[in-house]
Amino acid sequence: MSAESTLLLQTFWSWVCGLLAVGLLGVLLPIVLGLLVGVLPLAIVRRDWRPLAAVATGVPLAVVGGVWALFGVHVGAPRQDFWVGLSVQLGLLVAGGSTVAFLRLSIRRIKEYRVAMRAVLHADTEELVEVDGDFPAPGPRKRLTGIEAEYYIAEWMRHLGATDAIVTPARADGGIDVRSRFYAAQVKHRPMDFVEVETVRALIGAALLENRTPLFFASGHYSRHVYDAAARGGVALFIFKPLEGRLVAANATASRLRQDGLRAPVAMTR
1 MSAESTLLLQ TFWSWVCGLL AVGLLGVLLP IVLGLLVGVL PLAIVRRDWR PLAAVATGVP
61 LAVVGGVWAL FGVHVGAPRQ DFWVGLSVQL GLLVAGGSTV AFLRLSIRRI KEYRVAMRAV
121 LHADTEELVE VDGDFPAPGP RKRLTGIEAE YYIAEWMRHL GATDAIVTPA RADGGIDVRS
181 RFYAAQVKHR PMDFVEVETV RALIGAALLE NRTPLFFASG HYSRHVYDAA ARGGVALFIF
241 KPLEGRLVAA NATASRLRQD GLRAPVAMTR
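For the sequence shown, counting from 1, position 225 maps to 225 in the numbering used here; every step adds exactly one.
Structure (structure tokens):
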């Protein structure tokens with residue numbers, strides 16, 4: 001390879017590294033930091049730090065990747081201080097916009113959570129207490145972690161009538177991810193997997209101990225034996241499709257609840 005070709009190649013990779021550094025330090029890192037700031041109030045209200053910890057892992061990845069890219073800037077491209085300055089200026093704009101956007105989302109989630117908690121405070125009374133607040137069906141979600149899927153299903157349960165549905169703290173879930181006064185739900189967000197019958201049987205046992213009706217929400221599929229176990233144990237099987245914002249009944253019990261809503265089971269209200 002000639003000296004001219006080598007210089008051209010070095011120039012090309014210097015520009016690639018510079019732009020990559022700006023993308024990581026000036027775009028990705030500010031978005032992650034904005035998400036951390038935006039999610040913090042919601043984590044405090046929920047007392048659930050798992051989403052915060054998951055987001056925080058993106059900070060060192062963006063920093064290490066951005067610094068590594070800066071060291072790849074050599075000849076034929078602006079110096080490293082140029083890319084650093086550009087990253088800082090762009091990062092301030094991105095961080096401001098992302099923080100505002102995520103804070104607005106958190107405030108909306110906090111309002112919904114507080115309305116649900118008001119219903120929880122009355123969960124031990126003999127009759128359900130009506131609470132103020134509208135619970136629309138959750139819209140489509142492009143990305144859901146396993147943790148956020150639990151909150152997504154809690155929104156669906158509140159929309160269907162279980163207005164006191166809340167996510168169970170991880171250290172005390174007892175195999176139940178979302179609880180309301182009358183229902184116990186487990187959530188599996190693994191779109192490519194099949195839910196096995198042992199998992200459903202464990203939910204039946206956990207719900208029976210708490211005298212709640214078992215609900216199972218999966219983003220994947222149910223194995224053949226699950227349907228028999230669910231019919232015997234009175235489990236409502238749902239399939240949720242976050243990309244489409246849809247909740248589909250997978251058996252007759254779920255179909256009835258999807259149509260009638262998550263009202264108090266007759267046996268529990270007598």
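Don't be surprised by glycine CBs; every beta carbon is placed ideally from N, CA and C.
Residue closest to LEU103, alpha-carbon to alpha-carbon, out of GLY72, VAL37 and ILE147: VAL37
Kindly confirm or deny that the segment 39-59 and the segment 82-96 touch, where touching means at least three C-beta pairs closer than 8 Å. no
Bounding residues of the beta strand (DSSP E) (the contiguous stretch that carries VAL22): Run containing VAL22: none; DSSP gives neither H nor E here.
If you draw a straight line from the alpha carbon of PRO136 to that of HIS159, how long is it in whole angstroms? 6 Å
Our contact map puts SER223 next to VAL248 with C-beta atoms below 8 Å; I'd like the distance itself, whole angstroms only. Not really, about 17 Å apart at Cβ, beyond 8 Å.
Inter-residue Cα distance where the pair is ALA149 and ALA229: 24 Å
Inter-residue Cα distance where the pair is ARG212 and VAL39: 31 Å
Which of helix, strand or coil does DSSP assign to LEU90? helix
Where PRO41 falls: helix, strand or coil (DSSP): helix
What three-state label does DSSP hand ARG258 in the structure shown? helix
Helix, strand or coil for PHE71 per DSSP? coil
If VAL55 sits next to LEU35, beta carbons under 8 Å apart, how far is it from one beta carbon to the other, in whole angstroms? 5 Å
Roughly how many whole angstroms lie between the Cα atoms of GLY175 and LEU203? 7 Å
To which residues of the same chain is VAL67 closer than 6 Å at the C-beta, ignoring the five residues directly before and after it? none
Please classify SER5: does DSSP put it in a helix, a strand, or coil? helix
Mind checking GLU126: buried by the 16 CB within 10 Å criterion, or exposed? Annotation note: pLDDT 40 at GLU126 (below 50); position unreliable, no value reported.
Using only the alpha-carbon positions, how far apart do ALA154 and VAL167 sit? 7 Å
Measuring CB to CB, does GLY72 end up less than 9 Å from TRP156? no
Option nearest ALA218 by Cα separation, candidates ALA62, THR199 and PHE82: THR199
Less than 9 Å between the C-beta atoms of ALA101 and GLY18, yes or no? no
If you follow the alpha helix (DSSP H) that ALA229 is part of, which residue opens it and which one closes it? 224-233
Sequence-distant residues of the same chain with beta carbon closer than 7 Å to TRP83, five excluded per side: GLY18, ALA21, VAL22, LEU70 and VAL73
In the DSSP assignment, find the unbroken beta strand (DSSP E) run with ILE239 in it and report its ends. 236-241
C-beta atoms of TYR152 and PRO242 nearer than 9 Å: yes
Within its chain, find whatever has a CB closer than 8 Å to the CB of ARG139; leave out the 5 residues flanking it on each side and keep chain order. This sequence places Gly at residue 139; Arg is not what is there. Once the five neighbours on either side are set aside, the close Cβ partners of GLY139 are GLY245.
Could you check whether PHE240 and LEU215 sit closer than 9 Å to each other, using their CB atoms as the reference points? no
Of all Cβ atoms in chain D, is any one closer than 9 Å to the Cβ of LEU25? Any reference to chain D falls outside this structure, which holds one protein chain only.
If you reduce the DSSP assignment to three classes, tell me which class ARG79 lands in. coil
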